[in-house]
Structure formats: C-alpha cells, structure tokens
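Chains as they are written, first to last, in my numbering: chain A, 61 to 489; chain B, 78 to 229.
Structure, as structure tokens:
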Amino acid sequence: MSERTIVTEYLARVEGEGGMRVRIEGDRVEDVQLQIYEPPRFFEAFLRGRRFTEVPDITARICGICPIAYQLSSVMAMERICGVEVGGQLEALRRLIYCGEWIESHALHVFMLHAPDFLGYESAIEIARDNPELVARALELKKTGNHLMSVVGGRDVHPINVRVGGWYRTPSKRELRALREPLERAREESLAAVRLTAGFDFPDYEREYELVALSQPGEYPIERGRIVSTGGIDIDASEYEEHFVEEHVAWSNALHSHIIGRGSYLCGPLARFAMSYDELTPLAKEVAAEVGLTPAERNPFRSIIVRSVELVEACDEALRLIDEYEEPDAPAVEVVPRAGVGHGVTEAPRGICWHRYEIDDEGTILEAKIVPPTSQNQKAIEEDLRGVVERSLHIPDDELALLCEQTIRNYDPCISCATHFLKLDIQRS
Amino acid sequence: MRVVGIGNRWRSDDGVGLEVAARVRALDLKIDVVERDGEPVAVLDAIEGAGAVVVVDAVSSGATPGTLHRLDASTTPLAQELFNRSTTHHLGLPEAVELGRALGRLPDTLVVIGVEGESWAAGEQLSAPVAAALDGAVAAVVEEVERCTSRP
Chain A
61 MSERTIVTEY LARVEGEGGM RVRIEGDRVE DVQLQIYEPP RFFEAFLRGR
111 RFTEVPDITA RICGICPIAY QLSSVMAMER ICGVEVGGQL EALRRLIYCG
161 EWIESHALHV FMLHAPDFLG YESAIEIARD NPELVARALE LKKTGNHLMS
211 VVGGRDVHPI NVRVGGWYRT PSKRELRALR EPLERAREES LAAVRLTAGF
261 DFPDYEREYE LVALSQPGEY PIERGRIVST GGIDIDASEY EEHFVEEHVA
311 WSNALHSHII GRGSYLCGPL ARFAMSYDEL TPLAKEVAAE VGLTPAERNP
361 FRSIIVRSVE LVEACDEALR LIDEYEEPDA PAVEVVPRAG VGHGVTEAPR
411 GICWHRYEID DEGTILEAKI VPPTSQNQKA IEEDLRGVVE RSLHIPDDEL
461 ALLCEQTIRN YDPCISCATH FLKLDIQRS
Chain B
78 MRVVGIGNRW RSDDGVGLEV AARVRALDLK IDVVERDGEP VAVLDAIEGA
128 GAVVVVDAVS SGATPGTLHR LDASTTPLAQ ELFNRSTTHH LGLPEAVELG
178 RALGRLPDTL VVIGVEGESW AAGEQLSAPV AAALDGAVAA VVEEVERCTS
228 RP
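Have a look at this one:
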C-alpha cells in the first residue's frame with residue numbers, strides 16, 4: 061500500500077509551535093493534524109495581578125492586525141463586571157473603530173494573502189510586478205481602514221485611546237467628516253473587490269458546518285450581540301463555557317475548541333453572512349446578490365467573496381456612523397471596580413473573540429481567559445483539510461499541498477499574533 | 078532619513094529592533110524614528126517616502142546570538158532565510174521590501190541592521206547576548222545614518 065505524507069510546517073522561531081500533517085494511505089486519509097495558532101496564554105498570565113483598567117493596553121498587543129477585537133472584548137467584560145453600560149455615541153464609536161479594523165484586516169487578507177491563490181501567483185509580490193495598480197489600490201484600501209483606526213483610536217497598530225468606560229478622547233465631528241471621502245473611495249474599491257473575487261475559480265467543496273456568530277437584531281454583528289449557531293445555540297457571552305470547550309490535543313500545544321456534545325464549528329465571515337444576511341446594508345446585499353452569493357453559501361473557498369462583501373458593509377457602516385455622529389459630552393463613563401466575573405465577545409474579522417475575567421473589589425485581575433477566533437476554527441480547518449484531500453487524492457503532491465495551504469487560508473488564520481513561517485514538505489513512501 | 082525598528086516586544090529577542098529604535102530616538106539625531114510590529118503593509122508604509130532608510134530587525138541565521146548583520150537591500154533582495162517572521166503567504170520583511178520594489182516605492186538607500194537572536198519564547202526580556210549587543214547595534218545604526226546624511 062502506498063503511503064504519502066504531506067507536511068506543511070509553520071516552523072516558528074519557537075520550535076514545534078506549529079504545523080500541519082496529512083497522512084494518506086492508499087485512497088484513505090489516515091490522519092490530519094493541525095497546529096497553527098498558539099493561544100495568548102502568555103497574555104492571560106501577564107494580565108493576572110494587573111489593574112482592570114489596563115486590559116485594553118495589554119490585550120491590544122496580542123495581535124497587530126486585530127487589536128480592536130481584543131480591546132473591545134476585554135473592556136466590555138470589565139464593564140459588565142462593574143455594572144456599567146456604555147451607550148450612545150461612545151458605543152457607536154466602538155462600532156466605527158471596529159469597521160476600520162475590518163477594512164484593514166479584510167483588505168490585507170483578500171488581496172495580499174488570499175487572492176494570489178486564485179490568481180495563480182506565488183504571492184502578492186508577483187501580482188505587484190504584473191499588476192501594480194491592483195496592489196496599489198488594495199494597499200490604499202487597507203490604509204483607509206488603518207487611518208480610521210488612528211483617528212478614533214489615536215494610533216492604528218496598537219490603539220491607545222480605548223478605555224474601560226469609553227475613550228480617553230473622542231474625535232471631533234470635523235475629524236470624522238474628513239474620513240468621508242477616503243471611505244467613499246474605499247467603498248468603491250470594495251465593490252470592485254466583490255466583483256473581482258466572485259470571478260475566481262473555486263474548488264468544488266462544501267460541507268455542513270455548525271456556524272457560530274454573534275447576532276444583534278437590526279445590525280450586522282460586529283461589536284455586540286448574542287452568540288447564536290445554526291445548531292440552535294442562542295446564548296449570552298456569559299453562557300459560552302456551558303456550550304463550548306477547549307481541549308488539548310496530543311500533537312499540539314495549542315488548544316482546539318469544540319461545541320460540547322457535537323464537535324467542530326465555524327466562525328468568521330461565512331457564519332456571519334449566513335446568519336445575518338438580512339442585516340447587511342442595502343448596497344452590500346445588492347452586490348452579494350449581483351454575484352450570486354446567498355446565505356446558503358457553504359463553500360469555505362468562497363469566503364474571499366464574503367470578506368469582500370463585508371468590506372462594503374464596513375465602509376457603508378462607517379459612513380453612516382460618521383454622518384450620525386454627535387460629539388458626546390464626556391469621553392467616558394466612570395467605572396468603579398467591584399468583585400466579580402464578566403464576559404465580553406465581539407466579532408473579530410476572523411470570527412468571535414471571547415474573553416472572561418475575574419477581578420476583586422480593588423479592581424485587580426485574578427483570572428483571565430481569552431479564546432481567539434483562530435483557535436475556535438482549528439478543528440473545522442482540520443476537517444476541511446481531510447475533506448479536501450479525500451476528494452483530491454488523484455492530483456500531484458505539489459498541487460495537493462497548495463490546495464491544503466489554500467484551505468487553511470480560507471480561515472484567515474491569525475498571522476502576527478505568533479511568529480510563524482511556513483515550510484512545505486511532501487513525503488511519499 | 079528614517080530609522081525603522083521592527084519587532085514583537087512580547088517575543089523576547091524579537092523585540093530587539095524596537096529597543097534599538099527607542100535608543101536611537103533618545104540620541105535625538107533629528108531624524109525620523111518609527112517602530113512597527115512586522116505586519117508587512119505597515120512595514121512597507123514605514124520604509125516608503127524617505128530618501129534613505131535604516132531598518133533594525135531581529136535575525137535568525139544560526140550565527141552566534143548577538144552577532145550584527147549589515148544587509149544592503151537598496152538594489153538586491155534580502156535573504157529570506159534570515160528572517161523567520163512571516164505568514165501563511167511568506168510575507169515578512171524581505172517580502173515587504175520586494176513588494177515595495179515591485180511598486181517602485183523603495184528609498185534609494187535601504188540598509189538593514191540585523192541582530193542575531195537567541196530566544197523567541199513569549200516574554201519581554203532580551204536574552205543576555207542580545208542585550209549585550211544593544212550598544213553595538215545602536216552604533217551600527219548611527220554609523221549608517223551618518224553615512225547617509227553626509228552624502229552630498
């Protein structure tokens with residue numbers, strides 16, 4: 061019996077931190093092991109003993125691509141512990157800055173990381189050589205997202221303006237109005253991105269996932285909502301651990317999440333789009349319909365089109381929030397610490413980012429737990445790899461390896477949170 | 078003239094580029110000093126638009142920890158194997174530089190000072206050999222800055 065092993069190693073500077081291994085015997089996929097993300101356990105430990113007000117500054121460092129997801133999930137958890145509600149424009153600004161994060165993150169992934177797979181290029185560098193204009197436009201789109209984050213957050217990579225209770229400083233109407241023009245251009249680019257990506261050739265692959273996303277009546281889920289699933293889950297963030305669990309697997313020091321009693325699930329753009337399609341802005345809905353994307357979409361490779369639709373959504377939402385903005389009287393509400401446990405969950409670009417904290421009466425953090433989207437998706441990625449390899453056993457190893465990489469990239473796994481690099485090695489025996 | 082420090086402060090020696098940049102800033106040389114976490118587009122943004130740029134980053138080549146590397150990327154690509162910080166699409170410093178080259182956005186002079194690291198584990202401390210190399214790395218950056226700014 062012939063045996064082939066495909067090994068895709070994300071060899072980090074930390075030995076053994078990541079990798080992918082698919083073992084094939086004959087026409088059977090024997091084993092799929094994936095380890096692509098190390099959860100932010102260092103940060104969980106680092107947070108213990110710190111002041112509850114320090115969470116946004118510390119958690120922002122977990123990821124250079126999605127700092128807002130970590131910041132907002134953490135400050136909202138603290139506010140819940142302390143019994144404080146942040147509403148009105150202070151809350152609207154949270155949605156606005158989050159739109160900036162979606163724009164920069166999705167633009168990076170769609171154009172620089174994922175599109176090369178479909179356009180037949182090794183990387184965005186080769187696209188830039190053949191089509192510099194396309195890449196320049198993509199960079200401009202990303203920059204608009206980063207710029208929005210700097211205007212609201214004070215800085216784009218690790219925003220410093222987010223605090224428990226609101227903001228240190230709120231922007232003026234004038235500052236926000238200056239973002240209108242670049243955002244309108246970004247919206248046009250996003251529409252073009254939907255049309256471009258919808259024209260790609262996609263592997264014929266579909267699977268019935270249990271989709272998990274936030275849901276909030278009247279809006280597309282970004283910074284708040286209940287956790288819902290296509291399997292009937294409908295819970296508050298505080299009930300997360302009754303339904304979801306992280307487990308250690310033998311081949312990895314990373315944790316894999318699953319739904320208790322059921323198994324893997326998928327979070328991120330495909331899940332949000334399927335369950336909150338009705339909440340998309342008219343323009344986002346219109347362009348999705350134009351390219352034939354429906355809430356029934358279950359091909360993970362087509363998530364690149366969904367991300368592009370979400371770019372339109374984020375630009376549209378940002379423009380609406382800017383138009384409706386009124387300068388608040390105070391940049392924050394006062395938050396007095398009290399002992400307790402609290403939870404926060406928001407929609408990071410790649411899926412739900414869930415936090416739980418316990419603090420004492422003084423506001424000292426006793427316990428922190430952070431479940432990022434990529435560790436939630438790891439099990440679904442493994443199952444996709446198995447499915448994709450099973451139906452593609454006839455293709456040569458190099459093409460199969462590329463298909464495996466592409467399958468992983470469907471999930472836009474976190475890239476800067478851990479220092480990974482990818483090494484590809486295929487063995488036959 | 079700009080100095081760009083690249084690194085992740087929470088990954089031990091990966092943060093050395095940031096530390097060197099902070100020390101160069103403290104020298105008040107009347108030049109731009111910026112820090113980036115390695116995200117390629119942000120790195121490209123940081124190296125674009127200046128006449129001359131000195132980048133400081135951690136390097137993993139197998140040399141003795143603390144070794145300083147001087148690499149000229151003005152006209153030739155950086156050796157990828159020196160820079161492990163990358164992504165599922167091989168986007169790291171060398172790729173950010175090549176992306177800039179393809180788009181015609183590189184400065185005329187682009188020099189990278191690499192500091193060979195030892196530990197990449199989660200943590201805020203530099204390893205002893207890298208901490209000991211800090212003064213030399215700062216001096217190397219200053220030397221590059223002087224070379225670039227003294228040019229007619």
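From the three backbone atoms N, C-alpha and C, an ideal C-beta is built for every residue, glycine too.
Remember, it's a predicted structure, so these values are computed and weren't measured experimentally.
Look at Pro219(A): its C-beta is not under 7 Å from any C-beta on chain B. Interface annotation, Leu176(B): in contact with chain A, CB-CB separation under 7 Å. For Arg121(A), a Cβ of chain B is located within less than 7 Å of the residue's own Cβ. When beta bridges are read from the DSSP output, Glu307(A) appears opposite His316(A).
Among the residues of the segment 427 to 443 of chain A, none has a Cβ less than 7 Å away from any Cβ of chain B.
Excluding five sequence positions before and after Arg255(A), the CB atoms of its chain that fall closer than 7 Å to its own CB belong to Val351, given in chain order. In the DSSP assignment, Gly402(A) falls outside any alpha helix (DSSP H) and lies within the beta strand (DSSP E) extending over Gly400 to Ala408. A direct Cα-to-Cα measurement between Tyr228(A) and Leu462(A) gives close to 46 Å.
A direct Cα-to-Cα measurement between Leu243(A) and Leu150(A) gives close to 21 Å.
For the segment 109 to 121 of chain B, the beta-carbon criterion of a distance under 8 Å to any beta-carbon of chain A is satisfied by Arg113, Asp114, Gly115, Glu116, Pro117, Val118, Ala119 and Leu121.
At least one CB atom of chain A sits nearer than 7 Å to the CB of Glu172(B). Cys126(A) sits in coil when the DSSP states are folded into three classes, being neither helix nor strand. C-alpha of Arg380(A) to C-alpha of Gly226(A): approximately 20 Å in a straight line. Residue contact check for Ala150(B) against chain A: no CB pair falls below 7 Å. For a Cβ distance threshold of 7 Å, nothing in chain A lies close to Ala205(B): the least Cβ distance comes to about 17 Å.
Within chain B, the residues Ala179 have their CB atoms less than 8 Å from the CB of Arg189(A), given in chain order. Of the candidates Gly86(A), Asp296(A) and Phe178(A), Asp296(A) places its Cα closest to the Cα of Val272(A). With 16 or more other CB atoms across the displayed protein chains lying within 10 angstroms of its CB, Lys203(A) is buried. Under the three-pair Cβ rule at 8 Å, the segment 210 to 220 of chain B counts as touching the segment 185 to 193 of chain B.
For Gly411(A), the three-state secondary structure derived from DSSP is strand.
Asn85(B) and Gly321(A) have their C-alpha atoms some 38 Å from each other. Taking the Cα positions, Val144(A) is about 11 Å away from Arg398(A).
Within chain A, the residues whose beta carbon sits less than 7 Å from that of Ala199(B) are Phe102, listed in sequence order.
The beta carbon of Cys159(A) lies closer than 6 Å to those of Ala374, Glu377 and Ala378 in the same chain, with the five residues before and after it left out. The C-beta separation of Val431(A) from Trp414(A) comes to about 5 Å, placing the pair in contact by the 8 Å criterion.
With 16 or more other Cβ atoms from the protein chains shown falling within 10 Å of its own Cβ, His207(A) counts as buried. DSSP places Arg189(A) in the uninterrupted alpha helix (DSSP H) bounded by Ala184 to Asp190. Between Ile84(A) and Pro142(B), the alpha-carbon positions lie close to 40 Å from each other. Per DSSP, reduced to three states, the secondary structure at Trp87(B) is coil, with no helix or strand assignment. In the structure shown, Arg245(A) falls within a helical segment according to DSSP collapsed to helix, strand and coil.
Using beta-carbon distances, Ile185(A) counts as an interface residue toward chain B, with a partner under 7 Å.
Listed in chain order, the alpha helix (DSSP H) elements of length 4 or more contained wholly in the segment 418 to 462 of chain A are 433 to 450.
Taking C-beta atoms as the reference points, Glu339(A) and Arg154(A) fail to come closer than 7 Å.
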